[in-house]
Amino acid sequence: MSILVTFLGFILGVVINLLADSLPHYRRPKGFHCPACSAKKTPLAWSGVISFLTGNRECAYCGKLQEWRAPLVEITLAVGGYLIYRANPSYAVFISGLVILFIYLLIIVIDIEHRLILHIVSGPSALVVFLLRFLNPEPEFTETIVGGVVGFFSFLLLYFLGQLFAMVMGRLRGTQIDEVAFGFGDVTLAGVIGLTAGWPGVIVALILGIFLAGIFSFLFIIARMLVRRYSPFMPIPYGPFLVIGCLMVYFGVAKSLAMLLAP
Numbered sequence: 357m358s359i360l361v362t363f364l365g366f367i368l369g370v371v372i373n374l375l376a377d378s379l380p381h382y383r384r385p386k387g388f389h390c391p392a393c394s395a396k397k398t399p400l401a402w403s404g405v406i407s408f409l410t411g412n413r414e415c416a417y418c419g420k421l422q423e424w425r426a427p428l429v430e431i432t433l434a435v436g437g438y439l440i441y442r443a444n445p446s447y448a449v450f451i452s453g454l455v456i457l458f459i460y461l462l463i464i465v466i467d468i469e470h471r472l473i474l475h476i477v478s479g480p481s482a483l484v485v486f487l488l489r490f491l492n493p494e495p496e497f498t499e500t501i502v503g504g505v506v507g508f509f510s511f512l513l514l515y516f517l518g519q520l521f522a523m524v525m526g527r528l529r530g531t532q533i534d535e536v537a538f539g540f541g542d543v544t545l546a547g548v549i550g551l552t553a554g555w556p557g558v559i560v561a562l563i564l565g566i567f568l569a570g571i572f573s574f575l576f577i578i579a580r581m582l583v584r585r586y587s588p589f590m591p592i593p594y595g596p597f598l599v600i601g602c603l604m605v606y607f608g609v610a611k612s613l614a615m616l617l618a619p
């Protein structure tokens with residue numbers, strides 16, 4: 357069974373790579389193709405792991421090499437599926453956990469590569485996460501709804517405050533600031549996170565995400581200053597950090613850490 361769930365995770369990783377190559381450009385799934393020239397991939401190049409192992413990493417038409425992202429995603433889903441099953445082999449818990457991991461890894465990949473949180477991803481994801489409550493009733497129905505509402509509207513407020521801040525700073529600097537800390541994609545993501553973590557888990561998830569993003573931003577700014585390449589208002593994707601906070605809550609990592617750090 358462990359081999360089967362690992363293979364299932366691997367296949368879902370292949371699907372994530374397909375969607376991550378298609379959705380940012382076409383807003384719909386497209387067949388396996390080279391992101392650089394859009395040529396169809398040979399079957400041995402459909403999987404990142406298999407393409408690396410068989411020497412089919414290079415596009416037959418444009419010579420573009422397959423990025424390391426592809427095998428890393430497939431390995432992550434394969435290992436993640438195995439670990440979820442080992443932690444709790446219950447059918448409902450395993451399927452729910454694997455679907456959650458699939459959704460959020462897709463969001464992370466697209467946000468890192470394109471700085472986009474697509475509505476075509478977050479919308480269906482919200483519906484799927486809600487429907488998972490009928491398979492695995494944790495959090496409970498009311499907690500799920502309240503979590504989604506709190507997540508969405510709390511970040512909607514931050515979104516408007518960010519727009520106001522950018523407008524004020526733009527006038528003070530005499531130039532328009534197009535990049536803001538939170539885009540509307542982060543708002544929809546926060547809603548999905550709320551549905552996933554429920555209430556009050558959504559609060560912990562979002563605070564953890566913002567805290568992790570703050571630490572990364574601080575270290576990133578220091579590094580850029582050391583190489584004299586720092587510029588104010590440089591955009592940093594918040595989505596991956598919010599997702600990490602959510603997954604820490606959903607899979608119980610945050611609770612375990614709290615117990616370890618408790619006096």
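When the count follows my numbering, it moves up by one through the sequence shown with no breaks and lands on 619 for the last residue. C-beta: ideal position from N, C-alpha, C; glycine also.
Taking a 10 Å sphere around the C-beta of residue 415, we find 16 or more other C-beta atoms and assign the residue as buried. Listed in chain order, the beta strand (DSSP E) runs fully inside the stretch 547-616 amount to none, counting runs of at least 3 residues. Rounded to whole angstroms, the separation of the alpha carbons of residue 595 and residue 570 is 12 Å.
Boundaries of the alpha helix (DSSP H) around residue 410: 404-410.
Residue nearest to residue 470 within the set 417, 370 and 391 is 391 (criterion: CA-CA distance). Looking at the DSSP output, residue 396 shares a beta bridge with 389. Per DSSP, the beta bridge partners of residue 421 are 414. Under a 10 Å Cβ-count criterion, residue 395 is classified as exposed, with fewer than 16 other Cβ atoms of the shown protein chains found around its own Cβ. DSSP places residue 538 in the coil class of the three-state scheme, outside both helix and strand.
Remark: C-beta atoms of residue 576 and residue 546 do not approach each other more closely than 8 Å.
Looking from the CA of residue 373, the closest CA among 382, 468 and 425 belongs to 425. Within a 10 Å sphere around the beta-carbon of residue 376 sit 16 or more other beta-carbons, which makes this residue buried.
Pairing residue 503 with residue 449 gives a Cβ-Cβ distance that is not under 8 Å.
Residue 490 counts as exposed, since fewer than 16 other beta carbons sit within 10 angstroms of its beta carbon. In its chain, beyond the 5 residues on either side, 455 and 459 have a beta carbon closer than 8 Å to the beta carbon of residue 484. Counting the other Cβ atoms within 10 Å of the Cβ of residue 515 gives 16 or more, which makes it buried.
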